[in-house]
Every structure is written in C-alpha cells, then in structure tokens.
Amino acid sequence: GENVEQHPSTLSVQEGDSAVIKCTYSDSASNYFPWYKQELGKRPQLIIDIRSNVGEKKDQRIAVTLNKTAKHFSLHITETQPEDSAVYFCAASPSGNEKLTFGTGTRLTIIP
Amino acid sequence: DAGITQSPRHKVTETGTPVTLRCHQTENHRYMYWYRQDPGHGLRLIHYSYGVKDTDKGEVSDGYSVSRSKTEDFLLTLESATSSQTSVYFCAISGGGPGTGELFFGEGSRLTVL
Chain A
53 GENVEQHPST LSVQEGDSAV IKCTYSDSAS NYFPWYKQEL GKRPQLIIDI
103 RSNVGEKKDQ RIAVTLNKTA KHFSLHITET QPEDSAVYFC AASPSGNEKL
153 TFGTGTRLTI IP
Chain B
13 DAGITQSPRH KVTETGTPVT LRCHQTENHR YMYWYRQDPG HGLRLIHYSY
63 GVKDTDKGEV SDGYSVSRSK TEDFLLTLES ATSSQTSVYF CAISGGGPGT
113 GELFFGEGSR LTVL
C-alpha cells in the first residue's frame, strides 16, 4: 500500500518568514494530494489540494508543488502569521478518499 | 461547517467493555469515514461507507465494526475495548464519487480505555 513520509515533524519560523513542509510517497499510481490543517483541539480542515496533472497550485499565501518523477510534494506558506500555527498533514491517494494515506503531521509554530 | 456531529465527545471505559461511537450528518453525503488519530501516526482510516449498508475496511480495521442503516448515521463499534484503542476518533464525510476531494471532519471523540 501507499506510504507517506512527512518532514519535519516540528517547525518554528519567525512571523513574516516562509515555511516549507515536505512529503514523499511510495505509490506511483497516486494522483491526488491534499493538505489538511488542524488547529489545537480542532478538527482537520482542507487548505489546498493538487492533482497529478498539475505541477503547482497557489491560493493566496499557500502553494503546493508536486514532482511526480521524484514522488514528492511540498507545502509552502509565505508571510507567515500567528494564525498559521497548527499541525499540517499531507496525504496521497491513487483513487479517492477511501485510499487516502496521511503523513504523520508537522507542528508549525509561528514566533511573534 | 458541514453538518456533521459525533457523540459522545468524550468517553472513559474499561478494558473488555463494548463501545459505540455515533456519527450523524445532515448533508446527505454518500461517503462516510471513521479515522483514528494517534501521536506519531497521523490519521488512519478504520472503516468507510459508500452507501446505506455498504461498508468496507480501511487500514486499521481489526477490533472495529461499523454499521450504516441510514444515510445520515454511521456507527463505529468496539466489541471489546482494549487499551490500544485509546485514541481520538474522527468521523468524516465527502460528497460525490471517489476522488472528488474534500473530507469534512466532525469534532472528534476522545476515547480512553483503562
């Protein structure tokens, strides 16, 4: 089955700086890559996703890049703000949510 | 927020007792999922449903069973709880067919098995 590795497990950045979280996957058939954000004590929520026919996707301060050859994808957050502090999960699937495999999460802390 | 609620939100039980967690949705979504969340493991799929009475196993299904007798309700049962099942359980829903994207999660149910 799919195996998703996520790094780093914790990340601290100064407010205003950029943050990058990286994930690798093992199943070359995977074609859907969402990112979920989970604030402390809250439910996970989708923040951005990308499909394998696209190399990059942006939504305001958030961007995701995908390298299918190397089987890795990354989340980029620019101009970080205190509300970006949360745990971020990457995930990969070859065929929909029932086959979605999550990474182990990255705890991002924004230092004021 | 999507109309999805879980009950109970917190439960403490003893090893060997049965436990049932309930997920209720008001969105009329076809797909429903049960995940568990543990430190160092992220979110792992236990079981999912793709329609009334249609369910299938996920990555960590041993020790769990599910039932879906109505579109709006998806029940997760631990027939005989063990300490390894201490976790936070999240229900999720998604609309449409496979691969259509966003999972909407419930607020989670924290289960402690003593």
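Chains as they are written, first to last, in our numbering: chain A, 53 to 164; chain B, 13 to 126.
Note that CB positions come from ideal geometry on N, CA and C, so glycine has one too.
Problem set entry | Limits of the beta strand (DSSP E) - the one that A:Lys74 falls within | Ala71 to Tyr77
Exercise. Are A:Phe141 and A:Tyr88 close, meaning C-beta to C-beta below 7 Å?
Worked result: yes
Exercise. Which chain B residues are close to A:Asp101, counting only those with a beta carbon under 9 Å from its beta carbon?
Worked result: Gly113 and Glu114
For this session: Answer with buried or exposed for A:His59, where buried requires no fewer than 16 other C-beta atoms within 10 angstroms of its C-beta.
Result: exposed
Problem set entry | Boundaries (first-last residue) of the beta strand (DSSP E) holding B:Ser61 | Gly54 to Gly63
Problem set entry | Within 7 Å, strictly: CB atoms of B:Ala93 and B:Val31 | yes
Problem set entry | Residue environment, B:Asp74, which counts as buried when at least 16 other CB atoms sit within 10 Å | With a 10 Å radius around the Cβ and a threshold of 16 neighbouring Cβ atoms, B:Asp74 comes out exposed.
For this session: Kindly indicate which residue of B:Gln97, B:Arg56 and B:Lys65 has the alpha-carbon position closest to the one of B:Glu84.
Result: B:Lys65
Problem set entry | Start-to-end residues for the beta strand (DSSP E) that takes in A:Val65 | Thr62 to Gln66
Problem set entry | Neighbour list for B:Phe86 in chain A, Cβ cutoff strictly below 8 Å | What B:Phe86 touches in chain A: nothing, since even the nearest Cβ is about 14 Å away.
For this session: Enumerate in chain order the residues of its own chain whose CB-to-CB distance from B:Gly107 is below 8 Å, with the five nearest sequence positions on each side excluded.
Result: Glu39, His41, Arg42 and Tyr43
For this session: Report yes or no: is there a C-beta of chain B within less than 7 Å of the C-beta of A:Leu98?
Result: yes
Exercise. What residues of chain A sit near B:Gly120, judged by a beta carbon separation below 7 Å?
Worked result: Arg95
Exercise. Listing by chain order, which chain B residues have their CB less than 9 Å from the CB of A:Glu150?
Worked result: Tyr43, Tyr45, Leu57, Tyr60, Tyr62, Asp68, Gly70 and Pro110
Problem set entry | First through last residue of the beta strand (DSSP E) which encompasses B:Tyr43 | Tyr43 to Asp50
For this session: Determine whether the Cβ of A:Leu160 lies closer than 7 Å to any Cβ atom of chain B.
Result: Chain B, which has no Cβ nearer than 7 Å to the Cβ of A:Leu160, makes this no.
Exercise. Who are the near neighbours of A:Gln97 in its chain, counting only those whose CB is closer than 7 Å to its CB and skipping five residues on each side?
Worked result: Tyr88 and Lys89
Problem set entry | Check whether B:Leu55 and B:Tyr47 have beta carbons under 7 Å apart | yes
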